[in-house]
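Notes follow the structure.
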Amino acid sequence: MPEYEKIDGKAVAAKVLKETEATIAEMKAGGVTPGLAVVVVGDDPASHAYVNSKEKKCTDLGLHSVKIELPADTTQEKLLEVVAELNADDAVDGILVQSPPPKHIDEEAVVLAIDPAKDVDGFHPVNVAKLALEDSAGFVPCTPAGCQRLLMEYGIETEGANVVVLGRSMIVGKTLALLLMQNAKGANATVTVAHSRTKDVAAVSRGADILIAAIGRPHFVTADFVKEGAVVIDVGINRIEDASRKSGYRLVGDVDFDRVAPKCKAITPVPGGVGPMTIAMLMANTVKAAKMRRGI
Ligand code: NAP
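In terms of numbering that gives the first Met the number 0, the sequence shown has 50 at position 51, counting the first letter as 1, and numbering is strictly consecutive.
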């Protein structure tokens, strides 16, 4: 038996989804069906797979689901028109435009076009500002929210803890840092953010009670990054070649799990850690949007 605790993202995601499903059922009994619209532009198979799984999750939970698939040559103008229609559609509470769009699309302009009240991805500057201002009426991006929920569900104390976040993207690292430094439950951490210009990332990481890796480099975090008894959250999802698999690849995290885990108090695996939380938090954000928009 390993001494470390393996954090089970699938189980926590299932719990979040169950709670969300119960809230949706209550809302439906009151005559309101929350709705999520997902827009995908182009033929990227991974994007379509993500969108299909979001649609299925909506159906499973009883959400109203709108899937809009647009061809790869869709113009920016047309995409903005679609977003404007969804903004105006009262049956739609949440809007998500699957990333990445084709290269000719200005993704920032698309995010700006989404009504902040329907921005369940939490990428609109209004929601980023609300996060920084600790205004709980905003939407927190799903992956950082999922990481925080995992820590809370496993009773991992963040208050006063030294948290080191590897990565400073808006989607994960920077947002997670803002979230965990809030003066709030599940936060109150002392946060350090490391990035590609950080001197001696391993030494900085060793100062962490909770180390969160979100850099997109397979097995970057090795045992010498981790203090004995630390908690490690691995956000990374990286494909590496694996001739033994039919697909020719497998997914690994940013953390070298086999070597790091024995030093940890608790650690997330990849897959089955942070990954399943993202879609669960998206569903939860959609219900939050529906409640706020409809004054419930
Ligand atoms: P990203 O936008 O590429 O950002 C990567 C960050 O890591 C950047 O801030 C970069 O620093 C930093 N970095 C890169 N190499 C580094 C190094 N050698 N040392 C220190 N810092 C380094 O990636 P992302 O979108 O945040 O995603 C990160 C990972 O999480 C990816 O594997 C992605 O697939 C995964 N992810 C998972 C989920 C999920 O649902 N579980 C969701 C989103 C992303 P600079 O800023 O200096 O370039």
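For every residue, glycine included, the Cβ atom is placed at its ideal position computed from N, Cα and C.
(request) Verify whether the separation of the beta carbon atoms of L149 and V273 is less than 8 Å. (result) Numbered from its first residue, the sequence shown carries residue 149 at position 150. Numbered from its first residue, the sequence shown carries residue 273 at position 274. Contact flag set, yes.
(request) Report buried or exposed for N51, applying the criterion of at least 16 other Cβ atoms within 10 angstroms of its Cβ. (result) Here the question's residue 51 lines up with position 52 in the sequence shown. So N51 ends up on the exposed side.
(request) Please work out which residues of its chain come closer than 6 Å, Cβ to Cβ, to F122, disregarding the five sequence neighbours upstream and downstream, and give them in chain order. (result) Taking the sequence shown and counting its residues from 1, the one referred to as residue 122 is at position 123. Correct list, in chain order: V110.
(message) By DSSP's criteria, C263 is part of a beta bridge. Which residues make up the other side?
(response) Looking up residue 263 in the sequence shown gives position 264. DSSP output for C263 lists A229 as bridge partner(s).
(request) Take the Cβ of K184 as the centre, count every other Cβ of all protein chains shown within 10 Å, and call the residue buried at 16 or more, exposed below. (result) Numbered from its first residue, the sequence shown carries residue 184 at position 185. Counting Cβ neighbours within 10 Å, K184 comes out exposed, since fewer than 16 surround it.
(request) Give me the Cα-Cα distance between E4 and A265, rounded to the nearest whole angstrom. (result) For the purposes of this step, residue 4 is taken as the residue at position 5 of the sequence shown. For the purposes of this step, residue 265 is taken as the residue at position 266 of the sequence shown. Rounded to whole angstroms, E4 to A265 spans 4 Å at the Cα level.
(message) Suppose you measure from the CA of K173 to the CA of S195; what does that come to, to the nearest Å?
(response) Residue mapping note: residue 173 aligns to position 174 of the sequence shown, counting from 1. Residue mapping note: residue 195 aligns to position 196 of the sequence shown, counting from 1. For K173 and S195, the distance between alpha carbons rounds to 13 Å.
(request) For K5, name the three-state secondary structure that DSSP assigns. (result) For the purposes of this step, residue 5 is taken as the residue at position 6 of the sequence shown. Strand.
(message) Within a Cβ cutoff of 7 Å, which residues of the same chain sit near R249, ignoring the five residues on either side of it in sequence?
(response) As a first step, residue 249 must be located in the sequence shown, where it is residue number 250. Excluding residues within five positions, the ones whose Cβ falls inside 7 Å are I239, D241.
(message) Is D253 close to ligand 1? I mean its beta-carbon at under 7 Å from any heavy atom of the ligand.
(response) The residue given as residue 253 occupies position 254 in the sequence shown. Relative to ligand 1, the nearest heavy atom lies less than 7 Å away from the CB of D253.
(request) Output the residue ranges of the alpha helix (DSSP H) runs that lie fully inside the segment 2-60 and measure 4 residues or longer, sorted by chain position. (result) 8-28, 44-60
(message) Going by beta-carbon coordinates alone, are L165 and I104 separated by less than 8 Å?
(response) Position 166 of the sequence shown holds residue 165. Position 105 of the sequence shown holds residue 104. Contact flag unset, no.
(request) Please report how far the alpha carbon of A213 lies from the alpha carbon of V171, in whole angstroms. (result) Counted from its first residue, the sequence shown places residue 213 at position 214. Counted from its first residue, the sequence shown places residue 171 at position 172. Using only the alpha carbons, I get a separation of about 7 Å.
(message) Below 8 Å on the Cβ atoms is my contact criterion, and I expect T229 with A207 to pass it. Report the Cβ-Cβ distance as a whole number of Å.
(response) Within the sequence shown, the letter at position 230 stands for residue 229. Within the sequence shown, the letter at position 208 stands for residue 207. Looking at the sequence provided, one finds Ala at residue 229 rather than Thr. Right, their Cβ atoms sit about 6 Å apart.
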